[in-house]
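Novice: Can you keep this structure in mind? I'll have questions shortly.
2 protein chains.
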Amino acid sequence: MADVATATATKERKILVAVDDSEESMHALSWCLENVISNNSRDTLILIYAKPPRPVYTTLDGTGYLFSSDIMATMEKYSSDVADCILEKAKKLCREQLAHNYVKVETRVECGDARDVICEMVEKLSADMLVMGSHGYGLIKRAFLGSVSNHCARNVKCPVLIIKKPKSSGGR
Amino acid sequence: MADVATATATKERKILVAVDDSEESMHALSWCLENVISNNSRDTLILIYAKPPRPVYTTLDGTGYLFSSDIMATMEKYSSDVADCILEKAKKLCREQLAHNYVKVETRVECGDARDVICEMVEKLSADMLVMGSHGYGLIKRAFLGSVSNHCARNVKCPVLIIKKPKSSGGR
Numbered sequence: 001m002a003d004v005a006t007a008t009a010t011k012e013r014k015i016l017v018a019v020d021d022s023e024e025s026m027h028a029l030s031w032c033l034e035n036v037i038s039n040n041s042r043d044t045l046i047l048i049y050a051k052p053p054r055p056v057y058t059t060l061d062g063t064g065y066l067f068s069s070d071i072m073a074t075m076e077k078y079s080s081d082v083a084d085c086i087l088e089k090a091k092k093l094c095r096e097q098l099a100h101n102y103v104k105v106e107t108r109v110e111c112g113d114a115r116d117v118i119c120e121m122v123e124k125l126s127a128d129m130l131v132m133g134s135h136g137y138g139l140i141k142r143a144f145l146g147s148v149s150n151h152c153a154r155n156v157k158c159p160v161l162i163i164k165k166p167k168s169s170g171g172r
Numbered sequence: 001m002a003d004v005a006t007a008t009a010t011k012e013r014k015i016l017v018a019v020d021d022s023e024e025s026m027h028a029l030s031w032c033l034e035n036v037i038s039n040n041s042r043d044t045l046i047l048i049y050a051k052p053p054r055p056v057y058t059t060l061d062g063t064g065y066l067f068s069s070d071i072m073a074t075m076e077k078y079s080s081d082v083a084d085c086i087l088e089k090a091k092k093l094c095r096e097q098l099a100h101n102y103v104k105v106e107t108r109v110e111c112g113d114a115r116d117v118i119c120e121m122v123e124k125l126s127a128d129m130l131v132m133g134s135h136g137y138g139l140i141k142r143a144f145l146g147s148v149s150n151h152c153a154r155n156v157k158c159p160v161l162i163i164k165k166p167k168s169s170g171g172r
């Protein structure tokens with residue numbers, strides 16, 4: 001689609017890329033690496049993953065929790081493993097696509113609703129740009145809440161780049 | 001905020017920038033020139049302006065048009081002048097910000113609702129990226145239809161970069 005740019009940048013840019021377990025988010029990262037990131041610039045790429053908030057289910061009569069602390073700990077561990085796995089995959093993509101190591105790649109994991117986490121991180125880190133896939137959330141949740149990208153595009157102050165995964169391509 | 005990139009690109013990219021009479025759209029173009037366009041690449045920048053559709057008002061009993069052909073012609077002339085003026089301003093910005101003339105800058109004017117015009121042009125020209133300001137439309141129309149950028153982000157297939165004008169800066 002486009003090309004690897006090897007650019008000379010004079011100022012530092014913080015580019016946040018929201019990643020999740022979807023192929024679309026990896027495609028968005030890949031497109032960003034090819035089209036936005038300057039190989040020999042002082043860009044900092046920050047990969048953000050929003051870990052789903054810890055579920056707190058109460059029993060119907062409200063007297064107690066459905067899950068024991070053991071189960072909660074197991075779920076927490078699983079959730080952390082998923083986060084590690086996704087960020088590792090994203091960092092691998094960065095290593096493969098960035099010809100040199102001039103671009104700093106950092107990772108952040110925050111717990112919470114992806115919409116809130118991403119918007120808060122953009123603000124907190126004073127990002128110069130937010131990059132994300134078009135979707136996020138499953139179909140049902142999206143029908144009620146709208147897509148994560150739509151929410152972020154409305155609410156963050158910095159430029160937002162929304163990238164869809166082409167249906168025809170098998171993508172990466 | 002960020003920096004002028006002087007990049008070497010190997011493939012041709014078509015980058016569409018939607019411009020209108022808002023300061024926000026000129027800010028979006030300016031940001032794109034600074035952060036996305038590669039000065040010595042083979043990028044083609046296509047500036048698109050959607051001219052509002054010709055108003056056709058009929059009288060209440062439906063027997064005739066409220067505006068004479070003279071008035072229509074005057075309005076049409078005015079609308080074309082506005083389009084020329086906006087595109088001239090946009091091209092001037094391109095000349096000022098692009099250090100070299102490697103980047104081709106083209107302009108297109110199409111008549112119709114901005115949402116339809118932009119989506120159709122992205123499709124027709126097989127754009128690699130769409131760049132636009134966050135708003136478009138006045139407040140009232142936006143309340144009913146949503147912003148132009150939101151519509152486009154949902155409907156075009158290529159990556160969409162939505163750029164807001166910072167409130168604090170008076171800048172472009």
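Keeping their order, the protein sequence lines are chains A and B. Position 141 of the first sequence, counting from 1, maps to 141 under the UniProt record's numbering, and the rest follow consecutively. Position 44 of the second sequence, counting from 1, maps to 44 under the UniProt record's numbering, and the rest follow consecutively. Even for Gly, the Cβ is constructed at its ideal location relative to N, Cα and C.
Along chain A, which residues have their Cβ under 8 Å away from the Cβ of B/Asn-150?
Specialist: Asn-150, Ala-153 and Arg-154
Novice: In three-state DSSP terms, what is B/Lys-124?
Specialist: helix
Novice: Using 8 Å as the limit for Cβ to Cβ distance, is B/Val-36 near chain A?
Specialist: yes
Novice: Does DSSP put B/Val-105 in a helix, in a strand, or in coil?
Specialist: In the structure shown, the three-state DSSP call for B/Val-105 is strand.
Novice: So if I threshold CB-CB distances at 9 Å, which residues from the segment 88–113 of chain B count as touching chain A?
Specialist: none
Novice: Going by DSSP, name the residue or residues bridged to B/Cys-158.
Specialist: Partner(s): none; B/Cys-158 has no beta bridge.
Novice: Compare the beta carbon distance of B/Ile-118 and B/Val-19 with 8 Å and say whether it is the shorter of the two.
Specialist: no
Novice: Can you name the start and end residues of the beta strand (DSSP E) that A/Lys-77 belongs to?
Specialist: A/Lys-77 -> not in any beta strand (DSSP E); alpha helix (DSSP H) instead, spanning 69–97.
Novice: Quick one: is B/Leu-29 near chain D, going by C-beta distance under 8 Å?
Specialist: Among the chains of the structure shown, chain D does not appear; the protein chains present are A and B.
Novice: Under a CB-based cut-off of 8 Å, is A/Lys-164 close to chain B?
Specialist: yes
Novice: So, does the CB of B/Lys-124 fall closer than 8 Å to a CB anywhere in chain A?
Specialist: no
Novice: What does DSSP give as the partner residue(s) for B/Val-19 in the beta ladder?
Specialist: B/Val-19 is bridged to B/Tyr-49.
Novice: Compare the C-alpha of A/Leu-125 against each of A/Ala-90, A/Leu-47, A/Val-36 and A/Glu-34 and name the closest.
Specialist: Nearest Cα to A/Leu-125 within the set A/Ala-90, A/Leu-47, A/Val-36 and A/Glu-34: A/Leu-47.
Novice: Compare the C-beta of A/Leu-161 with all C-beta atoms of chain B and state if any pair is closer than 8 Å.
Specialist: yes
Novice: Taking the Cβ atom as the reference point for each residue, do B/Met-26 and B/Leu-130 lie within a distance shorter than 8 Å?
Specialist: no
Novice: Taking Cβ positions only, does A/Lys-157 come closer than 8 Å to chain B?
Specialist: yes
Novice: When we look at the beta-carbon of A/Ile-71 and count the other beta-carbons within 10 Å, is it buried (16 or more) or exposed?
Specialist: exposed
Novice: When DSSP labels each residue in this structure, what does A/Val-131 get in the three-state scheme?
Specialist: strand
Novice: Using only the alpha-carbon positions, how far apart do B/Arg-42 and B/Ala-73 sit?
Specialist: 40 Å
Novice: Which of helix, strand or coil does DSSP assign to B/Glu-12?
Specialist: In this structure, B/Glu-12 counts as coil in the three-state DSSP scheme.
Novice: By the 10 Å Cβ neighbour count, where 16 or more other Cβ atoms means buried, how is A/His-100 classified, buried or exposed?
Specialist: Under this definition A/His-100 is an exposed residue.
Novice: Going by Cα to Cα distance, which pick from A/Arg-95, A/Leu-98 and A/Tyr-49 is closest to A/Val-82?
Specialist: Of A/Arg-95, A/Leu-98 and A/Tyr-49, the residue nearest in Cα terms is A/Tyr-49.
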